[in-house]
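In the numbering used here, the protein residues as written are 6 to 333.
Don't be surprised by glycine CBs; every beta carbon is placed ideally from N, CA and C.
One structure is given here, and the rest of the page talks about it.
What follows is the structure, encoded as structure tokens:
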């Protein structure tokens, strides 16, 4: 796994030409099935290794990046890629794509990865039937510290990303096809399907929806008193099946990165910076017609006052399809 992961303009750049951004949005109610909530800007990222004296030892052992998240916020992942890659997304000890326990190896029964740029985003853990459960911050229990258990991936409570590239012969065929399309004057952006720039409204990405069963149990507790990610409200979103045979992909990943979640107070303590202002506030929920719960105020004092003009309205409708007014 020799590929280098970079942070550029708030995005993770992975080997193979994949880019992942962690985006803010509103938390959906945990009853019913909802349309996609609005996109409200990206989370800042910092390298854990830049803070050897401030970051928790477990985080330093994993490496990767950290980001600050408030209880009022949910997280979604925005994807783009310059060439096809298979991306695994782990949430704690679960695979977000299949909803089953995490595995380091690609599999198609059930499929445990998304294919970029075909999959433009992922908002949570696949719960089957064209729905996902939103990724939300789960606050740590006061005074609770759980010791690490075994290898890095076994005691993980944040997000991990692992990318696999096409085998050389398959990639060569794909590149030849792209050149032929260019000669014919056809679209050569990504796969010629989905990825890169995003319009203001979205329909479903092309492809065959991937069914999934929710994985049993919950992710293990944290090894430090930091928030984890949990499964929140349900929304309509397809996770698309890979049309390629599994043998088209390399057996070993070309890159992996861990993403640690920090409270606003932890972010300040580790980085020396205040957590950036977030547009996710009571006014944003009111504008979107979503309920505001009092525990969302738990970390309100840790953030600067956001710009009230940066809120967005949740798309109207009954939750069918993926269209919503979000800046994706």
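- The criterion of a C-beta distance shorter than 8 angstroms is satisfied by residue 17 and residue 262.
- Between residue 236 and the set 73, 36, 113, 11, the nearest pair of CA atoms involves 36.
- For residue 247, the number of other beta carbons within 10 angstroms of its own is at least 16, and it is reported as buried.
- Using a Cβ-Cβ distance cut-off of 8 angstroms, the segment 55-64 and the segment 272-280 are in contact, since at least three pairs of beta carbons, one from each stretch, lie closer than that value.
- As the crow flies, the alpha-carbon of residue 67 is around 22 angstroms from that of residue 105.
- For residue 182, the uninterrupted alpha helix (DSSP H) run begins and ends at 173-188, by DSSP.
- CA-CA distance, residue 10 to residue 21, rounds to 10 angstroms.
- For the options 75, 108, 19, 178, the alpha carbon positioned closest to that of residue 69 is the one of 19.
- Here DSSP, grouped into helix, strand and coil, assigns residue 124 to coil.
- When secondary structure is reduced to three states using DSSP, residue 299 falls in the helix class.
- Looking at the DSSP output, residue 87 sits in no beta bridge, so it has no partner there.
- In this structure, residue 121 lies near residue 89, with their beta-carbon atoms less than 8 angstroms apart.
- In this structure, residue 29 keeps its C-beta atom at 8 angstroms or more from the C-beta atom of residue 292.
- In the DSSP secondary-structure assignment, residue 101 is not bridged to any residue.
- If one requires a minimum length of 3 residues, the beta strand (DSSP E) runs lying completely within the segment 223-295 are 233-241, 260-267, in chain order.
- Each of 86, 119, 84 was checked against the Cα of residue 101, and the nearest Cα belongs to 119.
- A distance below 8 angstroms separates the beta carbons of residue 139 and residue 238.
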